[in-house]
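**Student:** Here the working numbering is used: the first residue of the sequence shown is 97, the next is one more, and so on. Beta carbons: idealized from backbone N, C-alpha and C, even for Gly. In this text, all values refer to a predicted model and were calculated from it rather than measured experimentally. Below you will find the structure I want to go over with you.
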Amino acid sequence: KPFEIVKFRTMRTTSSPGPLITGAGDPRVTRVGRVLRRWKVDELPQLVNVLRGEMSFVGPRPEVPRYVDMFAEQYRELLAVRPGITDLASMAFRDEEILLGRSPDPEDLYVREILPRKLALSHAYVRRRSFGLDLRLIARTVATILGWPRTGEETT
Numbered sequence: 097k098p099f100e101i102v103k104f105r106t107m108r109t110t111s112s113p114g115p116l117i118t119g120a121g122d123p124r125v126t127r128v129g130r131v132l133r134r135w136k137v138d139e140l141p142q143l144v145n146v147l148r149g150e151m152s153f154v155g156p157r158p159e160v161p162r163y164v165d166m167f168a169e170q171y172r173e174l175l176a177v178r179p180g181i182t183d184l185a186s187m188a189f190r191d192e193e194i195l196l197g198r199s200p201d202p203e204d205l206y207v208r209e210i211l212p213r214k215l216a217l218s219h220a221y222v223r224r225r226s227f228g229l230d231l232r233l234i235a236r237t238v239a240t241i242l243g244w245p246r247t248g249e250e251t252t
C-alpha cells in the first residue's frame with residue numbers, strides 16, 4: 097500500500113520536479129540538506145512512519161512507484177513485507193549518491209545496475225530475516241552513521 101515517507105526537506109522546491117534520482121553534487125540539494133544527507137539525519141523522521149505502523153526499523157527500503165512498476169515481478173514478494181528504514185541494500189549502497197554523481201546518466205545507472213542489486217539484497221533479507229539479523233543490521237546502520245570503519249561485507 098503506498099504511503100508518504102516522512103523526511104526532512106533537503107532539496108529546493110521548484111516548479112519542475114526534476115529527476116527522481118539524486119546524485120552527489122545535485123544543485124537541488126541545499127547546504128543544510130547536504131549535511132543532513134551526509135549523516136543520514138534526513139531519515140530520522142521516518143520513525144514517525146514506524147510509529148504509524150507503515151514501516152519497521154529493518155526491512156526492504158520502500159521505492160517510488162515508477163521503479164516498482166518497472167520491476168513489478170521482482171517487487172511482488174518484497175511488497176508483502178513491511179518496508180524498513182534500513183536493510184542489506186542500504187548498507188551495501190550507503191554511498192549511492194556518490195556513485196550516481198559520477199555517472200553521466202544517473203537514472204540509467206540506477207535502473208540497470210544499482211536497483212537490480214538492491215532488489216537481490218532485499219530478497220536475500222526477506223528469505224533470511226530474523227531477530228538476530230535485524231539487530232546486526234541496526235548495529236551496522238548506527239556504526240555507519242557514526243562513521244566507524246566499514247567491515248567490507250555486503251551481506252550479514
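Out of W135, L233, P123 and P200, point me to the one whose CA is closest to L50's CA.
**Tutor:** There is no way to answer for residue 50, as the model of the chain reaches only from 97 to 252.
**Student:** Comparing alpha-carbon positions, which option in L211, G119 and T110 lies nearest G197?
**Tutor:** Counting from 1 along the sequence shown, the entry for residue 197 is found at position 101. Comparing Cα positions, the closest option is G119.
**Student:** Looking at the unbroken beta strand (DSSP E) that takes in I181, where does it start and where does it end?
**Tutor:** Start at 1 with the first residue of the sequence shown, and residue 181 comes out as number 85. Element bounds for I181: G180 to T182.
**Student:** For A185, count neighbouring Cβ atoms within 10 angstroms of its own Cβ and tell me buried if that reaches 16, exposed if not.
**Tutor:** The residue given as residue 185 occupies position 89 in the sequence shown. It is buried - the Cβ of A185 has at least 16 other Cβ atoms within 10 Å.
**Student:** Taking DSSP's pairing of strands, which residues face S152 in a bridge?
**Tutor:** Counted from its first residue, the sequence shown places residue 152 at position 56. Bridge partners of S152: G180.
**Student:** Relative to the alpha-carbon of F167, which residue among I210, R127 and T109 has its alpha-carbon at the smallest distance?
**Tutor:** Numbered from 1 along the sequence shown, position 71 holds the residue referred to as residue 167. If we check each option's Cα against that of F167, I210 comes out closest.
**Student:** Within the same chain, show all residues whose beta-carbon is closer than 8 angstroms to that of R90, passing over the 5 residues directly before and after it, in chain order.
**Tutor:** No information on residue 90 is available, as it lies outside the stretch 97 to 252 that the chain covers here.
**Student:** Could you tell me which residues DSSP pairs with M107 in its beta bridges?
**Tutor:** Position 11 of the sequence shown, counted from the start, is the residue given in the question as residue 107. Note: M107 is bridge-paired with V125 in the DSSP secondary-structure output.
**Student:** Take E159 as the anchor and find which of K136, I181, D138 and P202 has the nearest alpha-carbon.
**Tutor:** Taking the sequence shown and counting its residues from 1, one reaches residue 159 at position 63. Minimum Cα distance to E159 is reached at I181.
**Student:** Helix, strand or coil: how does DSSP classify E173 here?
**Tutor:** Taking the sequence shown and counting its residues from 1, one reaches residue 173 at position 77. Residue state, collapsed to three classes: helix.
**Student:** Of all the options P156, A188, E139 and Q142, which has the alpha carbon lying nearest to the alpha carbon of L174?
**Tutor:** Residue 174 sits at position 78 when you count from the first residue of the sequence shown. Residue P156 is the option with its Cα nearest to L174.
**Student:** Could you check where the alpha helix (DSSP H) with S218 kicks off and where it finishes?
**Tutor:** Translated into the one-based positions of the sequence shown, residue 218 becomes position 122. For S218, the uninterrupted alpha helix (DSSP H) run begins and ends at L211 to R224, by DSSP.
**Student:** Please state whether the Cβ-Cβ distance between Q142 and V102 is less than 7 angstroms.
**Tutor:** For the purposes of this step, residue 142 is taken as residue 46 along the sequence shown, with counting starting at 1. For the purposes of this step, residue 102 is taken as residue 6 along the sequence shown, with counting starting at 1. It is a contact, given that the beta carbons lie within the stated cut-off.
**Student:** Could you tell me the alpha carbon to alpha carbon distance between L147 and F99, rounded to whole angstroms?
**Tutor:** Here residue 147 is taken as the residue at index 51 of the sequence shown, counted from 1. Here residue 99 is taken as the residue at index 3 of the sequence shown, counted from 1. Distance between the alpha carbons of L147 and F99: 13 angstroms.
**Student:** If we count the other Cβ atoms within 10 Å of its Cβ and call it buried at 16 or more, is L242 buried or exposed?
**Tutor:** Against the sequence shown, residue 242 aligns to sequence position 146. That one is exposed.
**Student:** Take I194 and list the residues in its own chain whose beta-carbon comes closer than 7 angstroms to its own, dropping the five residues that flank it on each side.
**Tutor:** Here residue 194 corresponds to residue number 98 of the sequence shown, with the count starting at 1. Excluding sequence neighbours, I194 sits near A120.
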